[in-house]
Amino acid sequence: MLNKLILVTCLGAMLEYYDFTLVLLFANDLAKLFLPEADQSGFLWIIAIHTAGYFIRPLGGIAFSHFGDRIGRKRLFRISILIMTFATLGMGLLPTYATIGYLATALLIILRSLQGISVGGEFPGAVVFAAEHVPPHLKGLITYAIGACGLLGVMLASTIGMLTHSLLSEDELYNWGWRLPFIAGSILGVSGYIMRRSLSETPLFSRLIAAKQVVSIPLLTLFQTQGKTLAIAMGMNIASVTMLSMYTFMVPYATRHLGMNQSTVYEIMTATLLMTAMLTLVFGWLSDRGINRRLALLISNSSYAVTNNLSCSNDARRAVM
C-alpha cells in the first residue's frame, strides 16, 4: 500500500507540472496561433497568460486546503487531477485565432486559470497526503521526492517539446503538432485519476473524524495558531517558484532574444532539471538524518547568488549555459 501511495503521489506531481509547464515551453508557437495580429507583443501576452496561472494558484491552494481539512484529503486529491486533465485536454483541442478569433485567446486564459487552481491544490495536497501516510523516518525523503518528481515533470515537458520541434516541420507543428503534448498530458491525467480511486484516507484525518475534531474554518485556525510557520513557508515558496520560472522561461527567452537553437536550449534545460531533481532527493534523504538547516540554507542561497550573477552577465549566452 505504501509503495502504491508513493508511486501515485509522485506520478501525480510529475503530470501536474508537465501540464502546467507546456504553455510557457510552447510560448513562441502559441503566440503565432492565438495572437498572430499582436506581432512581437503576442509573445508577451502568452507570458502574461502563463503567469496568470501562478496568480490563480494561491486561490486554488486556499480552496483545496479548506475542503481538504473539512471533507478529507482523498476526495480533493482526485478532484485536483481531474481539473488539470480537463484544462489540458481543452487546450489541446482548442480552436485557434484563425478559427474563432479572440474567443480562442479568452478560452486559453480560462483554461490556464483552471490549471493554476489545480496545481494550487495538487502539489501541497500530495505532500500532505504522503506525509500523513508514511512513517516519520521517511517523511523528508518522500515529500522531497514529490518535489523532485514535479521537476521531472517539467523535464518531461522539455523533452517532449524538444522532440516535437525536432521531428515535425513548421507546417506540421502549427497545423496539429502543437496539440499532441497537451492531449498526451490529459491521457496520462486520466490514468492518474484511475490509480487514485483506490487510495484510502490518511490515518491522521481518519482519527480527526473519529474524534470529531474537524474545525469549521481551517484557514482561520491556521492563521491563529501557525502564523510564523505560514510566513516562513510563503517565503520558501517564493524561492521555489522563482527557480521553476527561470527554468521554464529559459526556452522562449534564449530562442527568441538570444538566437540560440531551440533543441540546444531544451537539452540544457533537461540536463539541469535532472540534476536538480537528483539533488532534491539527496537533501530529502539528509533531512531525515538531521542535516544542519543553516548549512542547507547556506548551500541553497549560495546557488541562487551564483545563478543571479550569471543571469546579469554581459554574456547572456554563457549565462544560459
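Using the numbering used here, read the sequence shown as starting at 3 and increasing by one per residue. Cβ coordinates follow ideal geometry from the N, Cα and C atoms, glycine included. Keep in mind it's a predicted model, so treat the numbers as computed, not measured.
First through last residue of the alpha helix (DSSP H) which encompasses residue i
i, result
"Y56", "42-73"
"I162", "141-169"
"E124", "104-133"
"Y268", "264-289"
Of the listed residues the options, nearest to residue i (C-alpha basis)
i, options, result
"L9", "L175, L169, R72, Y195", "Y195"
"L182", "C12, L24, G123, V284", "L24"
"W180", "T166, I111, T274", "T166"
"V267", "A15, L27, L17, M16", "L27"
"V156", "L276, G286, D290", "L276"
"T274", "A150, L232, L84", "A150"
"L288", "L153, T145, P205, I162", "T145"
"Y99", "M86, V121, A40, S115", "A40"
"Y19", "L232, S160, I234", "S160"
"V130", "K230, T204, L46", "T204"
"N30", "I85, F125, L140, Y176", "Y176"
"I219", "A212, A213, T227", "T227"
Reduced DSSP secondary structure (H/G/I, E/B, other) of residue i
i, result
"D31", "helix"
"G94", "helix"
"A213", "coil"
"S200", "coil"
"Q228", "coil"
"W178", "helix"
"S218", "coil"
"L7", "helix"
"P183", "helix"
"L13", "helix"
"L376", "Limits of the chain in this structure are 3 at one end and 323 at the other, which puts residue 376 out of reach."
"F22", "helix"
"R37", "Inspection of the sequence shows that residue 37 is occupied by Leu rather than by Arg. Three-state result, L37: coil."
"V253", "helix"
"V136", "coil"
Same chain, Cβ closer than 8 Å to residue i, five either side skipped, listed in chain order
i, result
"L4", "H135, V136"
"L78", "F66, F69, G70, G123, G127"
"G55", "F22, V25, R114, S115, Q117, G118, V121"
"L206", "E134"
"L232", "L224, F225"
Contacts around residue i, its chain only, beta-carbon distance under 6 Å, and the 5 residues preceding and following it disregarded
i, result
"A318", "With a pLDDT of 48 at A318, under the threshold of 50, the modelled position of that residue is not reliable, and no figure is offered here."
"S265", "M164, S168"
"G142", "G286, S289, D290"
"M16", "C151, L154, G155"
"P272", "Contrary to the premise, residue 272 reads as Thr rather than Pro in this sequence. Taken in chain order, the residues that qualify are M157, S160, T161."
Any non-hydrogen atom of the ligand NAP within 7 Å of residue i CB
i, result
"F207", "Among the components of this structure there are no ligands whatsoever, and the ligand NAP is therefore not found."
Neighbourhood of residue i by C-beta distance below 7 Å, restricted to the same chain and skipping five residues each side
i, result
"L153", "L275, T278, A279, T282"
Counting Cβ pairs closer than 8 Å, one from the segment 185-194 and one from the segment 59-68, do we hit at least three? no
Touch check for the segment 102-121 and the segment 26-38: three-plus C-beta pairs under 8 Å? yes
Does the segment 68-84 come close enough to the segment 214-223 that 3 or more CB-CB pairs lie under 8 Å? yes
Are the segment 115-126 and the segment 76-89 touching by the rule of at least three beta carbon pairs closer than 8 Å? yes
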